[in-house]
Each structure stands twice: as C-alpha cells, then as structure tokens.
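This report refers to the structure that appears directly beneath it.
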Amino acid sequence: MICLGIESTAHTFGVGVFDGKARANEKAVYRTMGGIHPREASQFMCTHAAEVAEAALEKAGIGLGDVDAFAFAQGPGLGPCLRVGAAVGQALAGYYGKPVVGVNHCVAHIDVGKWNRKARDPLVAYVSGANTQILGLNGGRYRVYGETLDIGMGNALDVFGRSIGLEFPAGPAIEKLAAKGKKFHFLPYSVKGMDLAFAGLVTAASKSKIPRADLCHSFQETVFAMLVEVSERALAHTKKEELMLVGGVAQNKRLGAMLSQMAEEHGAKFFVPENQYNADNGLMIALTGWKMLRAKVRQGGLKTNQKWRTDEVAIAW
Ligand code: ATP
Ligand code: FE2
Numbered sequence: 009m010i011c012l013g014i015e016s017t018a019h020t021f022g023v024g025v026f027d028g029k030a031r032a033n034e035k036a037v038y039r040t041m042g043g044i045h046p047r048e049a050s051q052f053m054c055t056h057a058a059e060v061a062e063a064a065l066e067k068a069g070i071g072l073g074d075v076d077a078f079a080f081a082q083g084p085g086l087g088p089c090l091r092v093g094a095a096v097g098q099a100l101a102g103y104y105g106k107p108v109v110g111v112n113h114c115v116a117h118i119d120v121g122k123w124n125r126k127a128r129d130p131l132v133a134y135v136s137g138a139n140t141q142i143l144g145l146n147g148g149r150y151r152v153y154g155e156t157l158d159i160g161m162g163n164a165l166d167v168f169g170r171s172i173g174l175e176f177p178a179g180p181a182i183e184k185l186a187a188k189g190k191k192f193h194f195l196p197y198s199v200k201g202m203d204l205a206f207a208g209l210v211t212a213a214s215k216s217k218i219p220r221a222d223l224c225h226s227f228q229e230t231v232f233a234m235l236v237e238v239s240e241r242a243l244a245h246t247k248k249e250e251l252m253l254v255g256g257v258a259q260n261k262r263l264g265a266m267l268s269q270m271a272e273e274h275g276a277k278f279f280v281p282e283n284q285y286n287a288d289n290g291l292m293i294a295l296t297g298w299k300m301l302r303a304k305v306r307q308g309g310l311k312t313n314q315k316w317r318t319d320e321v322a323i324a325w
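Just so we're on the same page, the numbering used here is the position in the sequence shown counted from 1, plus 8.
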C-alpha cells in the first residue's frame, strides 16, 4: 500500500510517501521575522502545495494515480494551515476514489521516531514549537506524565530569540550562540510537580542585559534542565527501558546530550531520530496514516481539530 501524507500544522507544508519504506519526504518552510501569522502561513502553503507534491511524487517515482491512500495532519495546529492539508488530502482522495485518514501530528512525531530508530516502547520527550510533553504508551493510549502549562519549549526559544534579534525559528541560532557562551547566569527555573512553565523565564531573559552568548547558554541550560528533571522522574516511575526525544527542538545537540546522560544513569537506551524526521515533515503523516489504514483504524470524522491532544488518540496500531 502506497500512502501519501500531507503535513500542514504550522510553518511546514510537507508531502511524504510511505509504502513500508520511506519513498519521499519533501517540504516548503514558511519563514518570518515575527511569529507565525496563521493566514500568511496558510497562503504560503496554498502557493507551494502543488510543487511540493510534485517533487515528492517525482522522488518516489510514482504518479498520483498510483497512490493507494491519502493521509493529512488533522490536528493539533493552526486552523487556517490545517485546512490547507485537509482540503488537498480530501480532494485528491475524492478525485481518485481512494481512502483518506486524518492523523494526529503529535502521535506522528512519535511513530516516525520509533520507526527511524527501531525503538519499541520508549518514554517520549516530545519537544517542539507548540508542544512539550512527556509521554508513554500505557493501556492503548499515550499518557501524559508531564507537560508545559503555558507555551511549548520551541515557542519559548523563538520568543526569547526574537527579543535578541534572531529570525524565526530561533532554536538553531540560539544553539550556535550558546556553544560560545561560557558563564552561566541563574534564570527563573519553573517546574511545578511534573509540569513546566516557560513564560516567566522568557520575560526575564528578554529583559536581561547579560551578553548574548552567555544569555543563550544560560537559557538553554535552564530550560533543558527543567525537561530533564521531569523526564527523569517519569522514567523512574514508568520503569521504561527506552527514552526517546522527538519534535523540532530534538534537533538540539545539547538537549540530546543531557537526556542521553540521564538515560544512561538509569540503564535506559536513548534515541533521537534524524533531523529530517524531527522537524515537521510529510513522511511522518504518511507513515502513521499507513499504519492506521493497515490496522483498519478510522478516527471519527475528517474535521480539523486545532486542540487535538495526544492522549485523546486510541492507539490500535
Ligand atoms: P508542533 O506542532 O509539533 O509543535 P512545530 O510546528 O513547532 O511542531 P517543529 O518543526 O516540530 O514544528 O518544531 C519547530 C521548533 O523547533 C521551533 O520552535 C524551532 O525553534 C525549534 N528548533 C529547531 N531547531 C532547533 C535547535 N537546533 N535547537 C532548539 N530548537 C530548535
Ligand atoms: Fe511538529
């Protein structure tokens, strides 16, 4: 079965082709100086949808008529952006008379990581722009052991980055500057039980007069340590033997090193997927859609859902 998956939750319009193997993973990414403007991002997607789909089909060496099923990211995400992928996916499936499934974006981040690194049953630190959750599969659902109470860690990095003049997304530039930082300065560290809060830290760092490299270093060490603390407690509680870091922020090498060290101290294996699968991408949607269809799973309806939580999805694949 050849499944074509469409990602369009926020800044990336991605198209992936999966048939048990990865055949294509193409994308166009919306960049901006401010935050993401939902209408402008969705306009960007409309403009680039056809060329990204064409590139993916060419990479996979197939035509649209060869596709057996379509999948699109149904949520969570920005409404106008979600509707672009939903419209494209449903229109193509309707035209070719093929099945179509809506995929949960967060579950797709986890599925693609497990597939990429051959992880079996990991505790997952899912850290991206809009999301920050510690998750583990238990009784057919990903349970949330801890999560952010305000913004996602990637958003925290991006908003702080904007305050020091960095372009969106700011994560990669902060990582580079942080590597040059030497002196650690204390910044607000906010862990509440198993949950995290970033807003106070962002405000304090944005107003700080600390030199840029030291500030980026201190910011990273602080947010990453908060995540390691709750992940460690979740690992001890669940006794999972694997820890996997996924999502856009998982591309950060320092975060990977900190979590990896913690996992090692608990005798757990540590995984982090390749960058192309951590950043938003179409292949992860194609892969989860493929798994759902193979397991004959259909989530209720095809309406987009901006606030679709990871723990609301019954995992039957
Ligand atoms: P989600 O819907 O899963 O929240 P998203 O729309 O935020 O996804 P992703 O591609 O998963 O998109 O994540 C983007 C985030 O990852 C941005 O906030 C960006 O700054 C951050 N990021 C990317 N590279 C790095 C890096 N090297 N270090 C830290 N953060 C990074
Ligand atoms: Fe994402």
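Ideal Cβ positions, reconstructed from N, Cα and C, are used throughout, including at glycine.
Tell me the residue span of the beta strand (DSSP E) that contains residue i.
i    : result
Q259 : Counting along the chain, Q259 falls outside any beta strand (DSSP E), and DSSP gives it neither H nor E.
L143 : 140-146
A77  : 77-83
R149 : 149-155
P33  : This sequence places Asn at residue 33; Pro is not what is there. That run of the beta strand (DSSP E) goes 30-37.
E250 : 250-254
K315 : Segment: none, K315 is in no beta strand (DSSP E) and carries neither H nor E.
E175 : Looking at the DSSP string, E175 is not in any beta strand (DSSP E), and its letter there is neither H nor E.
F26  : 20-26
K215 : No beta strand (DSSP E) contains K215, which is instead part of the alpha helix (DSSP H) from 207-215.
Would residue i and residue j qualify as a contact pair, given that the criterion is a beta-carbon distance under 7 Å?
i    : j    : result
A164 : V132 : no
A36  : F21  : yes
A81  : H113 : yes
G13  : I293 : yes
V75  : I159 : no
P196 : G208 : yes
C89  : A205 : no
K106 : A64  : no
A242 : Y150 : no
A3   : V109 : Residue numbering for the chain in the displayed model covers 9 to 325; residue 3 lies beyond these limits and cannot be assessed.
V92  : M53  : yes
E155 : N260 : no
L145 : Y134 : no
S214 : L223 : no
P281 : N124 : yes
G83  : N313 : yes
M202 : V167 : no
Quick one: is residue i buried, meaning 16 or more other Cβ sit within 10 Å of its Cβ, or exposed?
i    : result
Q269 : exposed
Y103 : exposed
F192 : exposed
R302 : exposed
M41  : exposed
H225 : buried
G71  : exposed
K311 : exposed
F5   : Residue 5 lies beyond the residue range present for the chain, which begins at 9 and ends at 325; the question has no answer from this structure.
K304 : exposed
A49  : buried
R31  : buried
G24  : buried
K299 : buried
G85  : buried
K122 : buried
A276 : buried
A244 : exposed
A58  : exposed
A265 : exposed
For residue i, report the span of its alpha helix (DSSP H) as first-last.
i    : result
R220 : 220-246
G292 : It should be noted that the sequence gives Met, not Gly, for residue 292. M292 -> alpha helix (DSSP H) spans 290-302.
V120 : 113-125
Y134 : Looking at the DSSP string, Y134 is not in any alpha helix (DSSP H); the run it does join, the beta strand (DSSP E), is 131-135.
E66  : 46-68
A100 : Residue identity differs from the one stated: residue 100 is Leu in this sequence, not Ala. Looking at the DSSP string, the run of the alpha helix (DSSP H) that includes L100 is 87-104.
I believe residue i touches residue j by the beta-carbon criterion, under 8 Å. Please report the beta-carbon distance rounded to the nearest angstrom.
i    : j    : result
E15  : G309 : That pair is no contact at about 19 Å.
L251 : F278 : 5 Å
D129 : K248 : 6 Å
S335 : G256 : What is shown of the chain runs 9 to 325, which leaves residue 335 out entirely.
G169 : A178 : 2 Å
F176 : R47  : Rounded, the Cβ-Cβ distance is 16 Å, inconsistent with contact.
A116 : T296 : 4 Å
Q228 : R262 : 6 Å
K200 : L157 : 7 Å
N286 : V254 : 6 Å
L185 : A221 : 5 Å
A329 : G148 : Limits of the chain in this structure are 9 at one end and 325 at the other, which puts residue 329 out of reach.
Return yes when at least one heavy atom of the ligand HEM lies under 6 Å from the C-beta of residue i, else no.
i    : result
E229 : As presented, the structure is devoid of the ligand HEM, carrying the ligand ATP and the ligand FE2 as its sole ligands.
* Quick one: residues with CB closer than 6 Å to any heavy atom of the ligand FE2, in chain order, please. => Proximity to the ligand FE2 was defined by a C-beta distance below 6 Å to any of its heavy atoms, and the residues meeting it, in sequence along the chain, are H113, H117, S136, G255, G256, D288.
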